[in-house]
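K.L.:
I have a structure I would like to understand better, so I am pasting it below and will then ask my questions one at a time.
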Amino acid sequence: MSQKLKVVTIGGGSSYTPELLEGFIKRYHELPVTELWLVDVEDGKEKLGIIYDLCQRMIDKAGVPLKLYKTLDRREALKDANFVTTQLRVGQLKARELDERIPLSHGYLGQETNGAGGLFKGLRTIPVIFDIIKDVEELCPNAWVINFTNPAGMVTEAVYRHTNFKKFIGVCNIPVGMKMFIHDVLALNETDDLFH
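Numbering (UniProt numbering), first residue to last: 1 to 196.
What follows is the structure, given as structure tokens:
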């Protein structure tokens with residue numbers, strides 16, 4: 001691919017961002033991301049700075065021509081993006097704690113992808129995702145949105161049922177991790193595929 005790509009990561013202060021960047025670095029020649037914008041909210045500003053500094057060191061060490069930016073202004077970042085990734089947590093870690101503890105206090109599973117905790121998180125997250133989609137439609141209408149935000153299934157279904165935006169993919173990394181784990185346990189090669 002010869003096209004230079006601009007990626008915007010909303011929730012850029014997430015501890016998952018370096019893993020995302022590592023993938024871009026490893027696959028630079030197939031997927032030449034030349035601009036990566038890390039976007040977060042005011043409450044995540046300090047963490048965004050830490051993640052930005054780590055990511056810049058990773059880029060410098062790899063020697064790839066990828067420009068890294070950080071901002072609290074989502075609209076500034078989205079202008080002409082090719083891809084937008086979302087990995088945000090509305091309410092930060094305090095909200096996650098409540099999502100997990102409140103159901104547990106009533107004898108139910110406290111988890112952010114399903115059950116009561118997943119519903120709480122979904123109700124906080126879906127309106128924010130809809131706002132992001134409105135900005136994408138205006139500022140980078142050709143971009144694809146790749147959502148890693150939990151509850152991924154609920155968020156993706158809401159987008160498809162309640163918006164006209166169809167360039168949206170919901171991703172969960174658990175199946176990939178499970179596949180890698182099974183390959184390790186069975187001592188398989190990377191090219192061995194049990195799941196086709």
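Note that the Cβ used here is the ideal one computed from N, Cα and C, for glycine as well.
1. Do L78 and T149 have their C-beta atoms closer together than 9 Å?
2. By how many angstroms is the C-alpha of D184 removed from the C-alpha of F130?
3. Could you spell out the range, first to last residue, of the alpha helix (DSSP H) harbouring Y160?
4. Can you tell me which of M178, Y52, K61 puts its alpha carbon nearest to the alpha carbon of L72?
5. When burial is assigned at 16 or more other CB atoms within 10 Å of the CB, is N173 buried or exposed?
6. Who are the near neighbours of F24 in its chain, counting only those whose CB is closer than 6 Å to its CB and skipping five residues on each side?
7. Quick one: residues in its chain with C-beta nearer than 7 Å to the C-beta of L104, no 5 flanking neighbours on either side, listed in chain order?
8. Taking Cβ to Cβ, would you say L98 is nearer than 9 Å to G91?
9. With a threshold of 6 Å on Cβ separation, who are the neighbours of C140 within its own chain once the five nearest residues in sequence on each side are excluded?
10. Mind checking whether V171 and A143 have CB atoms under 9 Å apart?
11. Quick test of your reading: V8 and V41, contact by CB under 8 Å. State the CB separation rounded to the nearest angstrom.
12. Quick one: what's L36 bridged to in DSSP?
13. Could you give the DSSP three-state label for F165: helix, strand or coil?
14. How many angstroms separate the CA atom of G49 from the CA atom of H162?
15. F168: which of V84, I59, L54 sits nearest, CA to CA?
16. Whose C-alpha, out of L186, K45, V159, E35, is nearest the C-alpha of L66?
17. Excluding sequence positions up to five away, which residues of its chain have a Cβ less than 7 Å from the Cβ of F120?
18. Looking at the strands, I want to know which residues DSSP matches up with V84.
19. Determine, using beta carbons only, whether I133 and V145 come nearer to each other than 9 Å.
P.N.:
Checking against the coordinates, here is how it stands:
1. Not a contact, by the Cβ cut-off of 9 Å.
2. Separation of F130 and D184 (C-alpha to C-alpha, rounded to the nearest whole angstrom) is 39 Å.
3. Per DSSP, Y160 belongs to the alpha helix (DSSP H) from 152 to 162.
4. The option with the nearest alpha carbon to L72 is Y52.
5. With fewer than 16 other Cβ atoms within 10 Å, it is exposed.
6. So the list reads V33, once near-sequence residues are dropped.
7. Here L104 has G110 as same chain residues with Cβ atoms under 7 Å from its own Cβ, once five neighbours each way along the sequence are excluded.
8. Result yes, Cβ atoms of L98 and G91 sit closer than 9 Å.
9. Result list for C140: L78, D80, A81, in chain order.
10. Between V171 and A143, the C-beta spacing is not below 9 Å.
11. 14 Å between Cβ atoms; not a contact.
12. Beta bridge pairing from DSSP links L36 with V7, L68.
13. For F165, the secondary structure class from DSSP, reduced to helix, strand or coil, is coil.
14. Put simply, the backbone Cα of G49 is about 34 Å away from that of H162.
15. The residue with the shortest Cα to Cα distance from F168 is V84.
16. Selected option, being the one with the closest Cα: E35.
17. Sequence-distant Cβ neighbours of F120 in its own chain, meaning closer than 7 Å and more than five residues away, are D99.
18. Answer by DSSP bridge pairing, in chain order: V8, V145.
19. Contact: yes.
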